[in-house]
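Chains as they are written, first to last, in the numbering used here: chain A, 232 to 433; chain B, 232 to 433. We treat Cβ as the ideally placed atom computed from N, Cα and C, and that holds for glycine. Keep in mind that this is a model prediction, so the values were computed, not measured. A short write-up of the structure that comes next.
2 protein chains.
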Amino acid sequence: MPWRKIKLAFIQNDAARKIAYKQRKRGIMKKVKKLSTLCDVAACAIVYGPYDPNSEVWPSPSEAKSVLEQFRSFTEMGRYNKMVNQEEFLIEKIAKLKEKLNKQVRENQEKEKTKLMFECLLGQKDLNDLSLETLGDLEWFVNSKMEVIQDRIQLLNSSPPVVVVVAATRDEVNSGGGDQVEAMEAVHAGKQPWFLDLNLKL
Amino acid sequence: MPWRKIKLAFIQNDAARKIAYKQRKRGIMKKVKKLSTLCDVAACAIVYGPYDPNSEVWPSPSEAKSVLEQFRSFTEMGRYNKMVNQEEFLIEKIAKLKEKLNKQVRENQEKEKTKLMFECLLGQKDLNDLSLETLGDLEWFVNSKMEVIQDRIQLLNSSPPVVVVVAATRDEVNSGGGDQVEAMEAVHAGKQPWFLDLNLKL
DNA sequence: TATTCTATCTATAAACT
DNA sequence: TAGTTTATAGATAGAAT
Numbered sequence: 232m233p234w235r236k237i238k239l240a241f242i243q244n245d246a247a248r249k250i251a252y253k254q255r256k257r258g259i260m261k262k263v264k265k266l267s268t269l270c271d272v273a274a275c276a277i278v279y280g281p282y283d284p285n286s287e288v289w290p291s292p293s294e295a296k297s298v299l300e301q302f303r304s305f306t307e308m309g310r311y312n313k314m315v316n317q318e319e320f321l322i323e324k325i326a327k328l329k330e331k332l333n334k335q336v337r338e339n340q341e342k343e344k345t346k347l348m349f350e351c352l353l354g355q356k357d358l359n360d361l362s363l364e365t366l367g368d369l370e371w372f373v374n375s376k377m378e379v380i381q382d383r384i385q386l387l388n389s390s391p392p393v394v395v396v397v398a399a400t401r402d403e404v405n406s407g408g409g410d411q412v413e414a415m416e417a418v419h420a421g422k423q424p425w426f427l428d429l430n431l432k433l
Numbered sequence: 232m233p234w235r236k237i238k239l240a241f242i243q244n245d246a247a248r249k250i251a252y253k254q255r256k257r258g259i260m261k262k263v264k265k266l267s268t269l270c271d272v273a274a275c276a277i278v279y280g281p282y283d284p285n286s287e288v289w290p291s292p293s294e295a296k297s298v299l300e301q302f303r304s305f306t307e308m309g310r311y312n313k314m315v316n317q318e319e320f321l322i323e324k325i326a327k328l329k330e331k332l333n334k335q336v337r338e339n340q341e342k343e344k345t346k347l348m349f350e351c352l353l354g355q356k357d358l359n360d361l362s363l364e365t366l367g368d369l370e371w372f373v374n375s376k377m378e379v380i381q382d383r384i385q386l387l388n389s390s391p392p393v394v395v396v397v398a399a400t401r402d403e404v405n406s407g408g409g410d411q412v413e414a415m416e417a418v419h420a421g422k423q424p425w426f427l428d429l430n431l432k433l
């Protein structure tokens, strides 16, 4: 951009981040509008900023909803019978969400540990902050990986960036498709698209 | 834009419109991603093009879904105003749980990516198994870490100040005993600590 | 803090391959 | 039809106000 190119990463400075948010949000809305106008496509944009009290929506909340509605009817998945036994449904919903949340928390703890280890390895975290138990885990983990790492080091020293490998591999994956493709195939197969089952969620 | 500034109106020419659609769609996705990254905001973008068979979604169908749910609850909260107290209570509870869950999920995804990256770097995971989207994330992540790592390399090549920290911390551990003592002795003897090799070579 | 300015970076219409 | 190049319009980070 202007005076300096900024790194594509979270902007630490609060003021700068807020300004960037405001400007870029405006820019995005503008571009969405242009795309819609120039090519006559149905589009909507939603941004939930931690700064403004109400979220930003284009063209408008109602029109954005109508865009979603449009596709609901398009796939003929639209009309749902009125929900009976509302209270029972909600209670059940809560139970399921709680269960899911607990599972997530457990998984989080496990990943937290793994991540912590790597942060230490990268020198991003001070080893003094770690508990005795965590240090034990860290040592074990690293020791167990030493052999693999040494091999890896040799490989990386000879041939350049991993990024290149990634880029090269992307093409192959491209034809195979990811879960996004999978999801779209599901839609085309007549299943309930993820973005249409909103009325099931609350 | 380039050679000629175009009028902000529907592009009559089919070919030109299709090209513009493709390019601008890509540009929008890019900008949404940037906004989300730079300012850490929840955002999603959906474009239903008359040209491509499958609609374009960012960041992923699943994440977009979670953002849309927030949007929906925000805009349609009024619908439940007339509900009786019990139901209202339950609904509010659901909303809070959802929010918490979504946050957990996002955190999880972040950690998943971190872990995945290291697994790839360690050669424990085959890049061919990754989806296109995941590879994109991976590439971004690796790129973002490159700078830090390069700095780290320079630091580690000159002097190993981390060793001091480790040794200091290990003394506490020492009372617990174990083969850690051996490792620490190696450190004190001036050898390169095991976890520094990794940084050096990545 | 918000607005405006400006130098620079990014996006992209058209040409080219 | 799709990818690359080029020249220009648009977006925007930091400074000025």
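In this structure residue 265 of chain A is not in contact with residue 287 of chain A, their Cβ atoms being roughly 16 Å apart against a cut-off of 8 Å. Contact annotation: residue 273 of chain A and residue 260 of chain A have beta-carbon atoms that are not nearer than 9 Å.
In chain order, 335, 338, 339 and 342 make up the part of chain A whose C-beta sits under 7 Å from the C-beta of residue 339 of chain B. Any Cβ of chain A closer than 9 Å to the Cβ of residue 235 of chain B would place that residue at the interface, and such an atom is absent.
For residue 333 of chain A, same chain residues with a beta-carbon under 8 Å away, outside a window of 5 residues either side, do not exist. Neighbourhood of residue 276 of chain A in chain B, by CB distance below 7 Å: 276, in chain order. Judged by DSSP secondary structure, residue 277 of chain B falls within the beta strand (DSSP E) whose first and last residues are 273-279. For residue 245 of chain B, no chain A residue has a Cβ inside 7 Å of its Cβ, as the nearest lies near 11 Å away. According to the DSSP assignment, residue 249 of chain A belongs to the alpha helix (DSSP H) that extends over 245-270. Taking a Cβ-Cβ cut-off of 8 Å, residue 347 of chain B has no neighbours in chain A, whose nearest Cβ is about 10 Å from it. The C-beta of residue 233 of chain B has fewer than 16 other C-beta atoms within 10 Å across all chains shown, which makes the residue exposed. Residue 240 of chain B and residue 263 of chain B have their C-alpha atoms spaced approximately 23 Å apart.
Rounded to the nearest whole angstrom, the C-alpha separation of residue 249 of chain B and residue 298 of chain A is 21 Å. Taking 9 Å as the cut-off, the Cβ atoms of residue 270 of chain A and residue 246 of chain B do not count as close. Rounded to whole angstroms, residue 339 of chain A and residue 337 of chain B show a C-alpha spacing of 10 Å. One thing to note: residue 329 of chain B has its Cβ within 9 Å of the Cβ of residue 328 of chain A.
Per the coordinates, the alpha-carbon of residue 331 of chain A lies some 22 Å from the alpha-carbon of residue 346 of chain A. In the DSSP assignment, the residues bridged to residue 288 of chain A are A:277.
Proximity of chain B to residue 257 of chain A at the Cβ level (cut-off 7 Å) is not reached, the minimal Cβ distance being about 10 Å. A straight-line Cα-Cα distance of about 10 Å links residue 267 of chain B and residue 279 of chain A.
Within the same chain, Cβ atoms closer than 8 Å to the Cβ of residue 295 of chain B are found at 275, 276, 277, 288 and 289, the five residues on either side in sequence being excluded. Exposed is the label assigned to residue 343 of chain A, since fewer than 16 other Cβ atoms lie within 10 Å of its Cβ.
Here DSSP, grouped into helix, strand and coil, assigns residue 328 of chain B to helix.
Note that the C-beta distance between residue 335 of chain B and residue 335 of chain A is below 9 Å.
Taking a Cβ-Cβ threshold of 7 Å, the residues of chain B close to residue 251 of chain A are 269 and 270, in chain order.
Each residue's CA atom was taken as its position, placing residue 291 of chain A and residue 235 of chain A some 34 Å apart.
Straight-line measurement puts the Cα of residue 258 of chain A at about 11 Å from the Cα of residue 258 of chain B. One alpha carbon belongs to residue 244 of chain A, the other to residue 341 of chain B, and they sit about 21 Å apart.
Cβ contact annotation for residue 242 of chain A (same chain, cutoff 7 Å, sequence separation greater than five): 248 and 251, in chain order.
In summary, residue 300 of chain B is buried, with 16 or more beta-carbon neighbours lying within 10 Å of its beta-carbon over all protein chains present.
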